[in-house]
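If you're matching positions, the sequence shown starts at 1 in the UniProt record's numbering and goes up one per residue. Just so it is clear, CB atoms sit at the ideal spot from N, CA and C, and this is done for glycine as well. Quick caveat: nothing in here was measured; it's all calculated off a predicted structure. The block underneath contains the structure these notes are about, expressed in structure tokens.
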Amino acid sequence: MQTTPSPPLFSREFGADPYPAYAWLRENAPVYKAELPSGVAAWLVTRYADARAALADPRLSKNPDRHSAQAHHSGRVGIPGERGANVMTHLLNIDPPDHTRLRRLVAKAFTPRRVAAFEPRVRELTGSLIASFAGRGEADLIHEFAFPLPIYAICDMLGVPREDQDDFRDWAGMMLHPSGKRGGVGRSVKRMRAYLGDLIHRKRADLGDDLISDLIRASDHGEHLTEDEAAAMSFILLFAGFETTVNLIGNGLYTLLRHPAELADLRRSLAAGEEALLESAVEELLRYDGPVELATWRFAREPLVLGGQRVERGDPVLVVLAGADRDPRRFERPDVLDLARRDNQHLGYGHGIHYCLGAPLARLEGRAAIGMLLSELPDIRLAVDSDDLRWRGGLIMRGLRSLPVEFTSS
Ligand code: HEM
């Protein structure tokens, strides 16, 4: 443990704006052992170079069972968005060679080509969500826009029939806004898993043109995914691609609404039919206030030195993407929102073998949501003071509970 005084981590002010505390850590204790709200102690890595190195370091394992009894017992060994759900084997908590095999198989199904072909559907979904509130002059952009878009998009892509997609919306809603009923989240996860298991079983007999069918078809050196593996894979795609994208859209729009000059530039470029600024803007919004504040857990397989600090075997390590992406050693004027920023190699999608598999889909959804909303509601503005907005608590993810806006109804 360091002797430096602990910065005010995990307080309510920290939840609204963690960046000053991360800046403090970056300068004073770049690899810092903090006590998390759950009581678990974990190393926080806040400098860009250390963060990037840690994300790619094979001495840091994703598998909690083998390396840390402590974090395992905390029940918070999560994929982005996971809240105390049953832990199961999926890409984010396994190491090579199992990870290599599963990732290769899923990459054969979840291809950039499939994502690109999906663009018209994402735009159609985005348009119909905007139309559902455009006549009202006000909306909550989290509940009515950022939340439903990714869940319908990934359900469609997986091949979940439209008539069942509202069930997913409800189950996903439970994960994002637990109702306080005990076991609600666990029950939703169970229902989703059961539904996906059943769907995979049915699709096996009648393969179609969807991601689940491609997951069943995918083979590598003659090897296929088992039904259980395909169900776990579909589930992780839903889980990892859901709250993250909600927050990309929510945090992104919130940031834009607070930066009128940058917003006006983006509107002008959209009105001129240009795509380039929108593309770089989505990357910059991810860097500036990304959805994943801390990368998912890692555990030291062996003692190692990280950023000059000795980390013991079994110690949990959390890479602070939100800190690394504001590091002045890597980014010029890191606290300035520069929608046209070049050389923007942010870590918002991670780095190394666990680099986000869904990044092309997230970018597509981000561009559609932000571009279409700003084009169709040209005078959209925040309806409340920033201080009145609430951020969802949670260690890994950063996102707003609600985002009330007003605009001239159309
Ligand atoms: C992994 C971020 C959207 C699927 C990751 C990781 C990050 C991330 C940081 C690495 C975590 C780590 O190394 O600990 C994001 C962000 C998103 C987003 C910021 C939205 C803006 C999506 C979408 C999908 C997806 C839409 C799929 C539909 C995955 C999967 C992994 C992953 C499967 C695990 C990859 C592996 O372990 O090999 N994501 N993600 N993500 N993401 Fe995303």
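| query | result |
| --- | --- |
| Other residues of its chain near L270: CB distance less than 7 Å, five sequence neighbours each side excluded | L278, G371, L374 and S375 |
| Option nearest G137 by Cα separation, candidates R381, R217 and E284 | R381 |
| Any non-hydrogen atom of the ligand HEM closer than 8 Å to P303 Cβ | no |
| N-terminal and C-terminal residue of the beta strand (DSSP E) that D384 is part of | One point to set straight first is that residue 384 is Val, not Asp, in the sequence displayed. Neither: V384 is in no beta strand (DSSP E) and is coded neither H nor E. |
| The ligand HEM heavy atom lying under 8 Å from the CB of E365 | yes |
| Alpha helix (DSSP H) segment containing E124, residue limits | E119 to A134 |
| Beta-carbon proximity of L377 to I142, cut-off 9 Å | no |
| Near the ligand MG: L361 beta-carbon under 8 Å from a heavy atom | In the structure shown, the ligand MG is absent; the only ligands present are the ligand HEM. |
| F299, DSSP secondary structure in three states | strand |
| Alpha-carbon to alpha-carbon, L125 and F407 | 21 Å |
| CA nearest to the CA of A49, picked from S409, G350 and A359 | G350 |
| Distance cut-off 8 Å: I154 Cβ against heavy atoms of the ligand HEM | yes |
| Rounded straight-line distance, which links the Cα of A340 to that of I200 | 43 Å |
| H221 burial status per 10 Å Cβ neighbour count (16 or more: buried) | exposed |
| G323: CB within 8 Å of a non-hydrogen atom of the ligand HEM | no |
| Nearest candidate by alpha-carbon position, reference P360, set L25, F110 and N251 | F110 |
| Proximity test, Cβ basis, 9 Å: I151 and chain D | The displayed structure is made up of one protein chain only, and chain D is not part of it. |
| For M192, the nearest candidate out of M157, L238 and E229 (CA to CA) | L238 |
| For L364, three-class secondary structure by DSSP | helix |
| Neighbourhood of R401 by C-beta, 6 Å cutoff - its chain only, sequence neighbours within 5 removed | R390 and R392 |
| Of the residues R313, N247, R363 and L102, the one placed nearest G399, counting alpha carbons only | N247 |
| Whole-angstrom distance between G127 and F118, CA atom to CA atom | 14 Å |
| Reference R310; option with closest CA among G15, V31 and A16 | V31 |
| Terminal residues of the alpha helix (DSSP H) in which V305 lies | No alpha helix (DSSP H) contains V305, which is instead part of the beta strand (DSSP E) from L304 to L306. |
| Burial state of E365 (16 or more Cβ within 10 Å) | buried |
| Rounded separation between residue 417 and A295 - CA only | Nothing about residue 417 can be read from this structure; the chain reaches only from 1 to 410. |
| Element boundaries [beta strand (DSSP E), containing L44] | A41 to V45 |
| C-alpha gap between D327 and A300, whole angstroms | 24 Å |
| Exposed unless 16 or more other CB atoms sit within 10 angstroms - verdict on R103 | buried |
| Exposed unless 16 or more other CB atoms sit within 10 angstroms - verdict on R367 | buried |
| Candidates D214, P316 and D335, of which the one nearest F324 by Cα | It should be noted that the sequence gives Ala, not Phe, for residue 324. It is D335 whose Cα lies nearest to the Cα of A324. |
| Outcome for A34 when other beta-carbon atoms lying within 10 angstroms are tallied against a minimum of 16 | buried |
| Any non-hydrogen atom of the ligand HEM closer than 8 Å to P150 Cβ | yes |
| Touching by the beta-carbon criterion (3+ pairs, under 8 Å), the segment 240-257 and the segment 280-288 | yes |
| For R329, three-class secondary structure by DSSP | coil |
| P291: CB within 8 Å of a non-hydrogen atom of the ligand HEM | yes |
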